[in-house]
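A short worksheet on the structure shown next.
Protein chains in written order, with this note's numbering: chain A, 17 to 130; chain B, -10 to 104.
Written out as structure tokens, the structure reads:
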């Protein structure tokens, strides 16, 4: 059972454009939703995260939008740059016993073309 | 601050052989995780340690996988015997403690190829 569904699988965006990646979850016990960025040969690195008590969080060019009723959240990358080309993973976890065990989506490979 | 160190970076073995991976977490991080990342998929948790005790190993295939964290610092993950489907990147991550979701740092991983 895939608890976090991520789309699209791949995304090509022109430099300066907006990249949008979507995720949906099933487990209503999830209460922490991070996004990770992974470059080839590297481990995932935390990009931005949100908790369900807010609907949006912005850090620089990166914004998470969260819809608790729809059980969906998305990552928006404004003014996308070639250096943003990487694989992005959404994830979710609970903060109960055994907290912060991350359940990841399958990833989105973003290519930003000049 | 030094990151999470893992070795080796790459390993190629034949099926039915054994292999071991090593992880040195960030100094002072009490919680350590091993994740398996199969090509084209997101990482999947295998085991979680708090200091030198196991918090959760429910997704660890215990018939062939084992892990230990001696003295609550370094950790080793072993596969014996390996199967073709074990080909993946094995990621180690650490955090300050169970409640530090924002302190989750991954190493660069060990890429295992089983032939």
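By construction, the Cβ of each residue, glycine as well, lies at the ideal position given by its N, Cα and C atoms.
Note that the coordinates shown come from a computational prediction; the quantities given were computed from them, not determined experimentally.
Let's see if you can read the secondary structure: which residues bound the beta strand (DSSP E) around residue i?
i	result
residue 65 of chain A	61 to 66
residue 82 of chain A	78 to 83
residue 17 of chain B	Per DSSP, residue 17 of chain B belongs to no beta strand (DSSP E) and is neither H nor E.
residue 80 of chain B	77 to 84
residue 38 of chain A	35 to 41
residue 22 of chain A	20 to 23
residue 27 of chain A	26 to 30
residue 102 of chain A	102 to 108
residue 118 of chain A	Taken as a continuous stretch (DSSP letters only), residue 118 of chain A belongs to no beta strand (DSSP E), as it is neither H nor E.
residue 130 of chain A	Where residue 130 of chain A is concerned, there is no enclosing beta strand (DSSP E), given that its DSSP letter is neither H nor E.
residue 56 of chain A	Per DSSP, residue 56 of chain A belongs to no beta strand (DSSP E) and is neither H nor E.
residue 90 of chain A	88 to 93
residue 44 of chain A	That residue, residue 44 of chain A, is in no beta strand (DSSP E); it is neither H nor E in DSSP.
residue 122 of chain A	Careful: residue 122 of chain A lies outside any beta strand (DSSP E) and carries neither H nor E.
residue 103 of chain B	99 to 103
Could you tell me which of the options sits nearest to residue i, measuring between CA atoms?
i	options	result
residue -2 of chain B	B:98, B:102 and B:103	B:98
residue -7 of chain B	B:101, B:81 and B:32	B:81
residue 94 of chain B	A:61, A:37, A:28 and A:36	A:61
residue 99 of chain A	A:81, A:43, A:130 and A:36	A:130
residue -9 of chain B	B:48, B:47, B:18 and B:64	B:18
residue 42 of chain A	A:66, A:92 and A:20	A:20
residue 24 of chain A	A:46, A:91 and A:64	A:91
residue 62 of chain B	B:79, B:15 and B:34	B:15
residue 11 of chain B	B:69, B:2, B:64 and B:84	B:64
residue 7 of chain B	B:32, B:22 and B:68	B:68
residue 78 of chain A	A:95, A:28 and A:103	A:95
residue 21 of chain B	B:46, B:52, B:77 and B:102	B:46
residue 5 of chain B	B:53, B:83, B:33 and B:37	B:53
residue 70 of chain A	A:28, A:81 and A:97	A:81
residue 76 of chain A	A:68, A:67 and A:93	A:93
residue 83 of chain B	B:36, B:9, B:49 and B:31	B:36
Residue i: beta carbon under 6 Å from a heavy atom of the ligand ADP?
i	result
residue 123 of chain A	As for the ligand ADP, it is missing from this structure, which has no ligand bound.
- Listed from N- to C-terminal order along the chain, which residues in the stretch 54 to 69 of chain A have their beta-carbon within a distance smaller than 9 Å of any beta-carbon of chain B? 54, 57, 58, 59, 60, 61, 62 and 65
- Does the stretch 21 to 34 of chain A come close enough to the stretch 69 to 85 of chain B that 3 or more CB-CB pairs lie under 8 Å? no
- the stretch 26 to 41 of chain B: which residues have C-beta closer than 8 Å to a C-beta of chain A, in chain order? 29, 30, 31, 32, 33, 34 and 37
- Message: What ranges does the beta strand (DSSP E) occupy inside the stretch -4 to 74 of chain B, keeping only unbroken runs of at least 3 residues that lie completely in it?
- Response: -1 to 2, 8 to 13, 20 to 26, 33 to 39, 42 to 45, 54 to 57 and 64 to 68
- Message: Measuring CB atoms only, is the stretch 94 to 110 of chain A touching the stretch 40 to 60 of chain A, in the sense that at least three cross pairs come out at less than 8 Å?
- Response: yes
- Can you give me, in chain order, the residues of the stretch 91 to 107 of chain A that have a beta carbon less than 8 Å from any beta carbon in chain B? 105 and 107
- contact_flag[the stretch 22 to 32 of chain B, the stretch 116 to 123 of chain A] where n(CB pairs < 8 Å) is 3 or more: yes
- Inter-stretch contact at 8 Å, needing at least 3 Cβ pairs: the stretch -9 to 5 of chain B / the stretch 84 to 91 of chain A: no
- Query: Is it true that the stretch 56 to 68 of chain B meets the stretch 37 to 44 of chain B, where meeting means three or more beta-carbon pairs spaced less than 8 Å apart?
  - Reply: yes
- Note down, in chain order, all residues in the stretch 7 to 19 of chain B with a beta-carbon under 8 Å from any beta-carbon belonging to chain A. none
- Message: Tell me which residues of the stretch 72 to 92 of chain A have at least one Cβ-Cβ distance to chain B shorter than 7 Å, keeping chain order.
- Response: none
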